[in-house]
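Numbering (our numbering), first residue to last: 18 to 164. Here is the structure we will look at, set down as structure tokens.
Written out as structure tokens, the structure reads:
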């Protein structure tokens with residue numbers, strides 16, 4: 018028996034999250050892992066001249082890596098703006114893990130991305146926990162008792 022998504026999912030909300038800084042100030046509508054917010058997107062003439070310097074490039078790479086280790090999003094749910102404070106959960110997926118889809122006449126396999134899975138909390142809401150994937154957009158799944 019085939020069910021429509023509306024029959025399976027009793028309650029849902031379509032929300033538009035935004036990427037923010039640690040204080041909740043808007044940075045971008047880009048929320049996927051391939052978009053890294055932060056000051057490395059702004060270049061001055063002086064920085065452009067220093068780009069040839071190997072140490073400067075290494076510093077920028079370290080800075081970008083640190084920015085990927087944390088993420089902040091604001092999302093409005095049930096009329097309330099929530100500020101998500103997240104950190105990369107790089108130990109969730111084993112190195113070399115793959116996801117496999119079996120279809121009627123074929124099988125498809127892809128590497129399971131580990132650098133876009135985050136855990137954290139909601140600021141100003143004690144005892145909350147959040148787990149998200151921003152591998153391809155942003156998926157937020159509430160705890161089972163909140164559904």
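Think of the CB as a built atom: it goes at the ideal place given N, C-alpha and C, for glycine as much as any other residue.
- Query: Taking the continuous beta strand (DSSP E) assigned at residue 105, which residues delimit it?
  - Reply: For residue 105, the uninterrupted beta strand (DSSP E) segment begins and ends at 97 to 105.
- Going straight from the alpha carbon of residue 87 to that of residue 49, what length do you get? Their Cα atoms are separated by approximately 13 angstroms.
- Message: So residue 17 and residue 137 are supposed to be a Cβ contact under 8 angstroms. How far apart are they, rounded?
- Response: Any question about residue 17 goes unanswered here, given that the chain covers just 18 to 164.
- Every unbroken beta strand (DSSP E) inside the region 115 to 161 [3 residues or more]: Fully enclosed beta strand (DSSP E) runs of 3 or longer: 115 to 119, 124 to 128, 134 to 139, 147 to 150.
- Query: Excluding five sequence neighbours on each side, which residues of the same chain lie with their C-beta closer than 7 angstroms to the C-beta of residue 127?
  - Reply: These residues qualify, in order along the chain: 115, 116.
- Rounded to whole angstroms, what's the CA-CA distance from residue 111 to residue 36? Just pull it up for me. Approximately 27 angstroms, taken between the alpha carbons.
- Selected residue, minimal CA-CA separation from residue 139, among 24, 31, 33, 40: Comparing Cα-Cα distances from residue 139 to each of 24, 31, 33, 40, the minimum goes to 40.
- Item | Beta bridge counterpart(s) of residue 88 as assigned by DSSP | Answer is 103, bridged to residue 88.
- Message: Out of 43, 47, 124, which one is the CA nearest neighbour of residue 151?
- Response: Shortest Cα-Cα distance from residue 151 to any of 43, 47, 124 involves 47.
- Give a yes or no on whether the C-beta atoms belonging to residue 147 and residue 92 are separated by under 7 angstroms. The Cβ atoms of residue 147 and residue 92 do not sit closer than 7 angstroms to each other.
- Whole-angstrom distance between residue 24 and residue 105, CA atom to CA atom: Approximately 34 angstroms between the Cα atoms of the pair.
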